[in-house]
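Residue numbers (the UniProt record's numbering): 1 to 668.
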């Protein structure tokens with residue numbers, strides 16, 4: 001059969017295969033062979049790329065669109081699946097209405113991205129909606145069949161987020177994604193390397209329910225975040241939004257990590273390798289081909305660059321022209337190019353790509369309107385958000401306490417995911433040891449923290465109030481006008497009937513440890529709990545503090561704060577799989593006199609030390625008066641000239657049981 005020339009593409013089989021496979025992170029041999037066979041059988045094979053409309057799209061989405069542009073160039077019919085059911089199941093705290101709105105936002109954004117990257121009209125790609133077929137009887141019956149084959153462990157196996165979730169709906173996602181492949185029924189499927197586990201699941205179970213046709217999978221690279229971690233919509237500092245203005249793009253890139261000693265985990269080099277050089281190469285190829293219909297055909301090179309160059313970098317009066325990414329990397333690691341020079345070139349090229357996307361948004365009133373309903377927090381200053389309606393502890397049993405508590409140096413404010421999660425995860429992401437003695441963590445991402453801690457543990461409880469700890473001695477941040485996020489602290493097991501509570505989940509970010517932060521935060525919660533209502537407190541009779549018997553810093557803090565040790569509760573808690581998540585046990589064996597414990601080898605046990613401070617300790621020990629006078633003392637000194645307060649300085653009776661404690665609380 002004679003071949004028909006495809007507009008805007010090539011008919012050469014080797015060239016088509018190269019366009020499909022080049023630059024990918026992973027292609028299995030079986031997939032490559034299947035793609036070759038399909039290219040011989042079909043003039044116009046098809047592929048789909050599924051995307052869940054969750055957080056706002058960022059420049060990480062340019063990566064699959066580089067490949068999508070190459071696929072279109074290779075004559076492949078590209079279909080984009082807006083996985084709205086998937087998004088609802090995995091991001092269950094958002095309504096179906098919000099997910100539907102975000103689906104429309106994604107369509108506007110992804111059309112603009114395709115046109116900017118490929119230089120071709122959006123008519124070259126198709127959009128499909130997952131919910132257009134997921135409610136069909138056949139799809140539902142297939143889902144039931146897969147459920148009958150799938151163990152809980154297999155549902156959790158595709159990635160860490162599923163492995164740690166405590167909710168049911170995310171565990172449906174492997175089934176839904178596997179059936180997407182069946183019902184889209186394309187020759188190939190494109191995804192990121194993070195999708196490999198889902199593909200393994202689908203290949204294993206789809207044949208069991210009668211869907212034996214195998215589809216080839218190709219996986220693109222994953223773009224690291226600007227701070228070195230995964231680029232995430234929930235961490236503003238790790239990403240560049242598609243609509244960020246040029247000056248913000250420039251600022252974020254200039255502030256990004258760029259270690260000149262290594263190419264590993266270098267986000268600037270990654271932008272060049274994964275996005276900029278491939279786009280420039282494609283544009284160069286388009287401009288060289290007679291009859292190309294691409295509009296954006298300017299590669300990132302100077303006009304006087306030698307033929308075949310794909311990237312130019314200006315350093316002072318010198319211009320360097322490169323024919324490959326590898327040549328850029330060599331010069332950078334050799335010191336020929338400085339970090340600032342490289343960053344400037346990358347920022348200029350990135351703004352060149354994003355300019356038509358921003359212009360599309362500015363000229364599209366529908367897109368602008370759907371932004372307001374899809375991401376309402378983007379339309380107002382986060383500093384003016386109302387924590388009272390959005391904080392994680394909105395069900396707390398004493399609503400009047402859902403407010404700020406502060407002194408001269410530290411502020412406690414009800415934890416708000418939109419304001420605090422990203423900064424908190426950024427602060428602990430390289431310090432898994434902060435979770436060593438607690439029942440939760442570590443968390444691999446902001447999404448995991450919100451899903452498995454905030455939404456699962458904090459939000460449902462009426463006896464728990466989680467605070468963000470703000471260090472007022474640090475410069476203001478986007479999230480808080482008065483300082484920087486320094487950690488977490490909470491009331492637990494609060495009983496207005498019994499007038500008691502517990503202070504727990506005390507997590508101080510590593511850079512704020514051994515400072516005034518922890519003692520001030522604990523002191524504020526003690527004062528709020530034990531002061532009488534006349535004094536603005538709750539008038540509670542007991543505040544307890546429980547910690548692991550091997551958490552020596554926590555025990556030391558409790559003792560210095562004036563808590564009374566009441567005893568040790570043996571085998572108080574179990575850390576299932578704790579040996580695999582960095583937990584520290586009570587050191588006791590799991591086997592007693594040769595008898596096998598029901599605990600698994602990776603499970604760990606904890607003994608807890610119980611401390612308390614009661615109302616009589618607080619008043620009869622003159623703790624509250626000490627606290628007030630210590631606050632007055634703070635106001636007399638500049639923070640950088642502070643001196644240690646002593647008993648004689650404050651004229652506190654030596655017999656006071658909490659004197660030493662509150663010297664530490666308010667130590668200058």
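Positions of the beta carbon are idealized from the N, C-alpha and C atoms, including for glycine.
Proximity winner among the options, relative to residue i (alpha-carbon distances)
i           : options            : result
residue 409 : 469, 99, 28        : 469
residue 490 : 473, 529, 481      : 529
residue 21  : 55, 66, 51         : 66
residue 669 : 155, 56, 53, 350   : The displayed coordinates of the chain run from 1 to 668. Any statement about residue 669 would go beyond what the structure contains.
residue 421 : 48, 513, 450       : 450
residue 396 : 461, 116, 219, 499 : 461
residue 305 : 313, 317, 321, 316 : 321
residue 125 : 47, 92, 319, 256   : 47
residue 144 : 205, 164, 78       : 205
residue 670 : 142, 616, 576, 509 : Residue 670 cannot be examined here, being either before or after the span of the chain that is shown, 1 to 668.
residue 357 : 58, 302, 43, 505   : 58
residue 33  : 17, 94, 164        : 17
residue 401 : 72, 281, 465       : 465
residue 177 : 166, 213, 139, 163 : 139
residue 447 : 38, 90, 70, 147    : 90
residue 476 : 411, 467, 618      : 411
residue 167 : 442, 92, 247       : 92
residue 338 : 313, 352, 506, 354 : 313
residue 74  : 15, 100, 302       : 15
Whole-Å CB distance - residue i paired with residue j, under 8 Å assumed
i           : j           : result
residue 749 : residue 414 : Residue 749 cannot be examined here, being either before or after the span of the chain that is shown, 1 to 668.
residue 50  : residue 81  : 4 Å
residue 170 : residue 102 : Incorrect: roughly 17 Å between the Cβ atoms, too far for contact.
residue 607 : residue 578 : With 8 Å as the limit, residue 607 and residue 578 do not qualify as a contact, their Cβ atoms being about 14 Å apart.
residue 218 : residue 85  : So it is not a contact: roughly 24 Å between Cβ atoms.
residue 487 : residue 508 : 4 Å
residue 273 : residue 325 : 5 Å
Proximity of residue i and residue j at Cβ, strictly below 8 Å
i           : j           : result
residue 263 : residue 333 : yes
residue 127 : residue 107 : yes
residue 525 : residue 503 : yes
residue 180 : residue 216 : no
residue 584 : residue 609 : no
residue 252 : residue 268 : no
residue 39  : residue 70  : no
residue 547 : residue 554 : yes
residue 193 : residue 270 : no
residue 425 : residue 443 : yes
residue 61  : residue 371 : no
residue 496 : residue 398 : yes
The beta strand (DSSP E) enclosing residue i, as first and last residue numbers
i           : result
residue 108 : No beta strand (DSSP E) holds residue 108; the alpha helix (DSSP H) holding it covers 96-118.
residue 79  : 77-82
residue 544 : 542-548
residue 486 : 484-495
residue 197 : Note, residue 197: premise wrong, no beta strand (DSSP E); alpha helix (DSSP H) at 196-205.
residue 502 : 500-508
residue 48  : 46-51
residue 517 : Taken as a continuous stretch (DSSP letters only), residue 517 belongs to no beta strand (DSSP E), being part of the alpha helix (DSSP H) at 517-530.
residue 188 : 188-192
residue 455 : Per DSSP, residue 455 belongs to no beta strand (DSSP E) and is neither H nor E.
Assigned secondary structure, residue i (DSSP; H/G/I helix, E/B strand, else coil)
i           : result
residue 608 : strand
residue 125 : strand
residue 251 : helix
residue 572 : strand
residue 330 : helix
residue 220 : strand
residue 315 : strand
residue 256 : coil
residue 479 : coil
residue 414 : strand
residue 630 : With a pLDDT of 47 at residue 630, under the threshold of 50, the modelled position of this residue cannot be trusted; read the value that follows with caution. It is helical.
residue 211 : coil
residue 60  : helix
residue 384 : The predicted position of residue 384 is uncertain, since its pLDDT is 36 and thus under 50; a value taken from the coordinates is nonetheless stated next. It is helical.
residue 437 : coil
residue 88  : helix
N- and C-terminal bounds of the alpha helix (DSSP H) containing residue i
i           : result
residue 153 : 152-156
residue 339 : 339-362
residue 148 : 137-149
residue 368 : 365-374
residue 175 : 173-184
residue 37  : 29-41
Any non-hydrogen atom of the ligand NAP closer than 7 Å to residue i Cβ
i           : result
residue 150 : Ligands displayed in this structure: none; no statement on the ligand NAP is therefore possible.
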